[in-house]
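*Asks:* Numbering-wise (the working numbering), the sequence shown opens with residue 74 and increments by one.
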Amino acid sequence: MKPINPSAEILVPRVFGRVSNIVCGMSTRRGGVSPDPLGMNMSYSVDDDVANVRQNRAFMFGSIGRRESDIAFAGQCHSATVVIVDHPGMYPECDALVSAAPNVVLAVSVADCSPVLLCDPRRKVVASVHSGWRGTHQRIVANAVRCMEREFGSLPTDLLAYIGPCAGPCCYSVGPEVSSLFDEVVIRRIEEKTNLNLTLENRRQLQSAGLSSGNIEADGRCTICGPELFHSFRRDGRKSGRMLAFIGLTQDGDR
Ligand SMILES: [Zn+2]
């Protein structure tokens, strides 16, 4: 992977390292042409210049030999809906995409919510999942795994998963109406605060769905207290940019 912008930092999941014919990664705040604090902002829906975002996206997708027009996005409405896609474009009213089509790159846009990428290296199927507290509560990652099983014959024990950086249990305070929806083991109480561990809950759901622990990589870093590297809506509010996690299949002979 060769970022065109040398200052751009793109995270590369190790868990998919053994898989051939795949592109995957996650942008960070670092690099990009947008003014501070936006940096490498990937979203047109925040207060950033369209030309900057276009340039940032060109940096990142160029690093994997792709263009913005090759990407499939979910509308991300905090649902538990999974959609199967075989073309790039915007798919509203869903939060997870599944594809077996080569040359479509699935992307999930985040700034604190948990991005989860899945790959079945045997049947050549990939998925991208947006899992904030609502999606996590609705077990969207389990829905994505079930979709891969049902529609593509995937075996959960074959699946590999990456859980990207998101709001961490050190900082992600939630009210009782949210904490009461989750098991105590994913709640951390710090002084007066009740914090949620999104990464741990998504990991537990993936394991309940049949993935083996060794096939799940969790970055584990907290976006809220990692201002140098990560965008965070909780920290920066409306000034926050967005990062993209992405995964796609390539054809033999492509990179
Ligand atoms: Zn933190």
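Here a beta-carbon is modelled for each residue, glycine too, at the ideal position from N, C-alpha and C.
These numbers were taken from a predicted model, which means no experiment stands behind them.
If you measure from the CB of Gly237, is any heavy atom of ligand 1 nearer than 6 Å?
*Replies:* Distances from the CB of Gly237 to the heavy atoms of ligand 1 are all 6 Å or more.
*Asks:* If you compare alpha carbons, which of Thr272, Leu84, Arg207 is closest to Glu333?
*Replies:* Only positions 74 to 328 of the chain appear in this structure, which leaves residue 333 out of reach.
*Asks:* Whose CB is closer than 5 Å to a heavy atom of ligand 1? List the residues in chain order.
*Replies:* With the cut-off at 5 Å, the residues found are Gly241, Cys243, Cys244, Cys295, Ile297, Cys298.
*Asks:* Looking at chain D, is there any beta carbon in it that lies within less than 7 Å of the beta carbon of Ser142?
*Replies:* The structure shown contains no chain D; it is built from a single protein chain.
*Asks:* Spatial neighbours of Asp309 within its chain, please: CB distance less than 7 Å, with the 5 preceding and 5 following residues excluded, ordered by chain position.
*Replies:* So the qualifying residues of the chain are Pro110.
*Asks:* Using CA atoms only, rank isn't needed, just tell me which of His210, Arg212, Ala180 is closest to Ala200.
*Replies:* The shortest C-alpha separation from Ala200 is found at Ala180.
*Asks:* Give the secondary structure of Ser100 by DSSP, where H, G and I count as helix, E and B as strand, and everything else as coil.
*Replies:* strand
*Asks:* Whose C-beta lies closer than 7 Å to the C-beta of Asn275 among residues of the same chain, with five residues either side of it excluded?
*Replies:* Ser187, Val189, Ser204, Thr209, Val214, Ile236
*Asks:* One question on the structure: do Met221 and Val258 come within less than 7 Å of each other, judged by their Cβ atoms?
*Replies:* No; because the gap between Cβ atoms is not below 7 Å, this pair is not in contact.
*Asks:* Opposite His160 in the DSSP bridges: which residues?
*Replies:* None; His160 has no bridge partner.
*Asks:* To the nearest whole angstrom, what separates the beta carbons of Ser305 and Ile297, a pair I think is in contact under 8 Å?
*Replies:* 5 Å
*Asks:* By the 10 Å Cβ neighbour count, where 16 or more other Cβ atoms means buried, how is Gln149 classified, buried or exposed?
*Replies:* buried
*Asks:* Assuming Gly104 and Phe132 make a contact with CB atoms under 8 Å, what is their CB distance in whole Å?
*Replies:* 7 Å
*Asks:* What does a CB cutoff of less than 7 Å around Gln278 pick up in its chain, not counting 5 residues either side in sequence?
*Replies:* Arg212, Val214, Ala215
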